[in-house]
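Participant: Residue numbers (our numbering), protein chains in the order written: chain A, 138 to 489; chain B, 138 to 489. In this text, a Cβ means the ideal position worked out from N, Cα and C, and glycines have one as well. This is the structure I want to talk about, given as structure tokens.
Protein chains: 2
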Amino acid sequence: MQHTDISTIGEFGLIDRIRKIIDVRVDDSSLHDNLLMGIADDAAVYRPSQGKVQLFTTDALIEGIHFDLTFTSFMHLGWKSIVANISDIIAMGGTPRYATIVISLPKKISVEMIEDFYRGAVSACKKYSCLIVGGDTTTSMANTMISVAMVGEADERRIKYRGGATAGEYLCVTGHLGSSLAGLNVLKREKERFAQTPDQHAFEPNLEPYTQAIEKHLMPKPRLDLSKILTEQVTIGAMIDISDGLASEVHHICKNSGVGAVVHEHNIPVDSVTQKIAGEFSDLPTEYALYGGEEYELLFTISDEQYNILDKLTNDVTIIGRITDKNKGIELIREGGEREPLRFGGWEHFKL
Amino acid sequence: MQHTDISTIGEFGLIDRIRKIIDVRVDDSSLHDNLLMGIADDAAVYRPSQGKVQLFTTDALIEGIHFDLTFTSFMHLGWKSIVANISDIIAMGGTPRYATIVISLPKKISVEMIEDFYRGAVSACKKYSCLIVGGDTTTSMANTMISVAMVGEADERRIKYRGGATAGEYLCVTGHLGSSLAGLNVLKREKERFAQTPDQHAFEPNLEPYTQAIEKHLMPKPRLDLSKILTEQVTIGAMIDISDGLASEVHHICKNSGVGAVVHEHNIPVDSVTQKIAGEFSDLPTEYALYGGEEYELLFTISDEQYNILDKLTNDVTIIGRITDKNKGIELIREGGEREPLRFGGWEHFKL
């Protein structure tokens with residue numbers, strides 16, 4: 138890849154290059170029609186859709202904490218920084234609309250890498266129909282830092298809060314869990330193997346058998362498909378996206394809803410690649426699911442009756458437990474039948 | 138000040154402490170009434186005001202680039218990170234509403250410093266009536282990084298774009314310019330003196346005579362007062378906030394409006410403290426105004442007729458030049474009468 142120093146084109150030159158990449162059409166033409174001003178002014182201006190409430194969220198990716206540039210391309214970073222925010226909007230039952238991106242870069246980063254970043258961000262925007270309408274590009278002394286903010290919309294009565302769970306409901310998840318951490322572990326192992334290889338030119342990373350997990354880590358796909366079903370075709374209780382690991386999300390729902398929960402370990406859906414990886418690392422696959430995070434699957438609660446309707450609409454939802462009374466606490470029933478409090482934890486910063 | 142390590146309370150413990158600080162009432166009660174969910178869920182939820190368009194902006198402050206922790210308190214950082222965004226909303230003719238804050242911190246930063254940061258942010262929010270409704274707190278490997286996103290509202294027909302200037306209009310600024318860079322220069326000089334003092338315990342920084350400029354640098358105050366007058370009581374052409382220096386903002390207005398401009402150096406308003414500081418550094422005070430930035434004053438264009446109305450409403454606006462035809466270019470007329478192209482520049486990253 139070519140390497141153009143940012144200093145040769147300056148901040149405003151860079152912004153012009155970025156502008157060309159983000160200037161795309163997306164499927165939902167109302168996004169274009171309602172946007173009165175994009176990145177060419179002090180702030181973006183848009184008309185909110187009639188009768189909708191606005192959602193507003195933000196999420197950051199910091200080099201050395203959330204990603205390692207030795208095995209994360211700028212394209213993947215762009216994708217991930219956008220979908221982390223889309224996932225939050227989806228988890229409220231909303232639709233993503235507009236995004237701003239702050240990117241802070243050390244001087245070693247080239248113009249081409251930044252263009253790749255925006256290409257990744259734009260491909261996520263095209264897939265989920267949202268537009269990049271603003272941002273800030275700055276230098277950084279040491280690490281790359283990305284911070285995305287996003288606004289979305291929803292019908293007020295269709296919004297799903299963390300606090301909406303009721304005792305007796307099923308606790309369900311979409312998709313499979315644990316793969317993101319499994320994929321990350323493989324990437325880290327190959328980085329380590331590379332570092333210890335005497336002839337690094339001849340090094341071939343062993344990634345092929347693990348593609349599914351690695352892709353889940355590098356290019357996670359928020360469940361807009363299922364979120365639409367869950368908010369439009371059935372009535373659910375609480376909903377949250379799994380960004381910090383299943384365990385901490387169960388705790389969030391219980392805390393905000395004033396309820397307890399019981400999670401059956403043997404019901405936690407883990408795919409075969411993740412099981413294989415966990416085996417190679419002598420880890421419990423369900424630990425990846427409970428404490429891994431960055432999945433962007435959905436955790437939600439639903440009554441038995443509504444579940445029966447949902448069950449006919451999708452095969453991609455798994456019941457992992459029940460919501461209980463608050464005084465029952467938050468329990469995990471292990472594969473062997475032992476009951477224990479579900480440890481609160483997950484991808485928590487500052488404790489690592 | 139006490140120094141509590143963040144690791145002793147963890148990310149969620151930290152969020153609880155932050156939540157207590159940001160949970161305040163502001164004067165505009167519609168901000169509270171229309172906020173359906175603040176920081177306790179995946180995204181904030183708010184009802185947009187009837188008939189208003191939404192404004193959306195973001196701005197970042199990076200340690201080592203935008204601030205130096207040896208002379209910038211976390212309280213000031215909190216203030217500045219919020220007002221930088223408020224300034225963007227105001228420059229569109231809008232009213233700030235809700236903000237999210239991403240703060241990424243190296244481990245050396247204490248819980249008390251972070252609390253100070255949010256106290257500063259909240260005092261800006263109280264002054265300008267906006268609410269902090271979300272965010273992300275993460276660790277950072279090296280430097281402190283702050284990224285704020287903000288939404289605001291405006292009457293669609295009162296929005297002021299950079300592209301609204303017409304040849305023949307006056308070019309005006311609010312307040313005085315150049316003070317922010319002047320204040321920064323004094324702070325840097327005192328830092329240098331401190332470093333070179335053998336007995337650092339006895340060191341007394343000499344800041345008192347420069348308070349006005351230092352305060353402008355550390356606690357700039359966006360001109361909501363004048364923005365209201367400019368959008369509600371008169372009709373102006375284009376408007377922009379002066380965040381990168383007067384010269385680059387003039388260029389932005391000219392580029393977006395397809396016009397030229399002439400700026401009279403002797404009309405650029407510079408206060409006496411800034412003149413004194415520039416003198417001590419053997420700098421031209423107008424260079425501070427043209428290429429300093431971080432002022433958060435407003436640059437706007439207005440017809441002679443409308444200016445006559447404005448002139449009766451405020452004493453805090455100065456005519457610095459005229460908008461001209463595009464083919465006249467963008468000119469600076471020096472104090473001595475020499476004409477030269479107004480050099481495009483200012484606080485541009487990557488060129489430094």
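What in chain B is Cβ-close to A:GLY430, meaning under 7 Å?
Facilitator: Those do not exist, as A:GLY430 stays about 12 Å from chain B at its closest Cβ, beyond 7 Å.
Participant: In angstroms, rounded to a whole number, what distance separates the CA positions of B:THR368 and B:ASP441?
Facilitator: 16 Å
Participant: Reducing DSSP to helix, strand and coil, say where A:GLY338 ends up.
Facilitator: In the sequence on display, residue 338 of chain A carries His and not Gly. In the structure shown, A:HIS338 sits in a helix (DSSP, three-state: H, G or I).
Participant: Could you confirm whether any beta carbon from chain A is found closer than 9 Å to the beta carbon of B:LEU192?
Facilitator: True, the Cβ-Cβ gap to chain A drops below 9 Å.
Participant: Using a Cβ-Cβ cutoff of less than 7 Å, which residues in the same chain neighbour B:ARG480 once the five nearest sequence positions on both sides are dropped?
Facilitator: ALA384
Participant: Would you please state the rounded distance, in angstroms, between the beta carbons of A:THR195 and B:ASP273? I believe it to be under 8 Å.
Facilitator: 6 Å
Participant: Give the straight-line distance between the Cα atoms of B:GLY300 and A:ASP362, rounded to the nearest whole angstrom.
Facilitator: 40 Å
Participant: Between the alpha carbons of B:GLY374 and B:VAL454, how many angstroms are there, rounded?
Facilitator: 15 Å
Participant: Determine, using beta carbons only, whether A:MET287 and A:PRO233 come nearer to each other than 9 Å.
Facilitator: yes
Participant: Count the other C-beta atoms from every protein chain shown that fall within 10 angstroms of the C-beta of A:LEU450, then say buried if there are 16 or more, exposed otherwise.
Facilitator: A:LEU450 is exposed by the Cβ-count criterion.
Participant: Whole angstroms are fine: how far does the CA of A:TYR428 sit from the CA of B:SER144?
Facilitator: 18 Å
Participant: Measuring alpha carbon to alpha carbon, tell me which residue in A:GLU252, A:ARG295, A:LYS217, A:ILE296 is nearest A:VAL285.
Facilitator: A:LYS217
Participant: Under the rule that 16 or more other beta-carbon atoms within 10 Å means buried, what is B:CYS322, buried or exposed?
Facilitator: Per the sequence shown, residue 322 of chain B should be read as Asn rather than Cys. So B:ASN322 counts as buried.
Participant: State the DSSP-derived secondary structure class of B:GLY458, mapped to helix, strand or coil.
Facilitator: strand
Participant: Rounded to a whole number of angstroms, what is the C-alpha to C-alpha distance between A:ASP165 and A:LYS264?
Facilitator: 11 Å
Participant: Going by other Cβ atoms of all chains shown within 10 Å of its Cβ, with 16 needed for buried, is A:PHE487 buried or exposed?
Facilitator: With a pLDDT of 43 at A:PHE487, under the threshold of 50, the modelled position of that residue is not reliable, and no figure is offered here.
Participant: Can you have a look at B:THR303 and say buried or exposed, based on whether 16 or more other CB atoms are within 10 angstroms of its CB?
Facilitator: exposed
Participant: With 8 Å as the limit, tell me which residues of the region 270-283 of chain A have their beta carbon closer than that to any beta carbon of chain B; keep them in chain order.
Facilitator: VAL270, GLY271, GLY272, ASP273, THR274, THR275, THR276, SER277, MET278, ALA279, ASN280, MET282
Participant: DSSP beta-bridge partners for B:ILE470?
Facilitator: Looking at the DSSP output, B:ILE470 sits in a beta bridge with B:HIS401, B:ARG476.
Participant: What's the gap between the Cα of A:SER241 and the Cα of A:HIS313?
Facilitator: 33 Å
Participant: Around the C-beta of A:SER409, are 16 or more other C-beta atoms found within 10 angstroms, so that it is buried, or is it exposed?
Facilitator: exposed
Participant: What number of angstroms, rounded off, separates the C-alpha of B:ARG256 from the C-alpha of B:PHE437?
Facilitator: Between the alpha carbons of B:ARG256 and B:PHE437 lies a gap of roughly 32 Å.
Participant: Give a yes or no on contact between the region 170-188 of chain B and the region 387-395 of chain B, applying the rule of three or more CB pairs nearer than 8 Å.
Facilitator: no
Participant: Would you say B:LEU421 lies against chain A (beta-carbon separation less than 9 Å)?
Facilitator: Chain A, which has no Cβ nearer than 9 Å to the Cβ of B:LEU421, makes this no.
Participant: What span of residues does the beta strand (DSSP E) with B:PHE481 cover, start to end?
Facilitator: Where B:PHE481 is concerned, there is no enclosing beta strand (DSSP E), given that its DSSP letter is neither H nor E.
Participant: Under a three-way DSSP split, which group does A:GLN191 fall into?
Facilitator: strand
Participant: Rounded to whole angstroms, what's the CA-CA distance from A:GLU485 to B:GLU200? Just pull it up for me.
Facilitator: Note that A:GLU485 scores a pLDDT of 49, beneath 50, so its modelled location is shaky; the value from the coordinates is reported in the next line. Straight-line Cα distance between these residues: approximately 23 Å.
Participant: Should the region 305-320 of chain B be regarded as contacting the region 396-411 of chain B, the criterion being three or more beta carbon pairs within less than 8 Å?
Facilitator: yes
Participant: From the DSSP output, which residues share a beta bridge with B:PRO233?
Facilitator: Per DSSP, B:GLY289.
Participant: Quick one, are the C-beta atoms of A:ILE296 and A:VAL190 less than 9 Å apart?
Facilitator: yes
Participant: Can you confirm whether A:MET229, when its beta carbon is compared against all beta carbons of chain B, has any partner nearer than 9 Å?
Facilitator: yes
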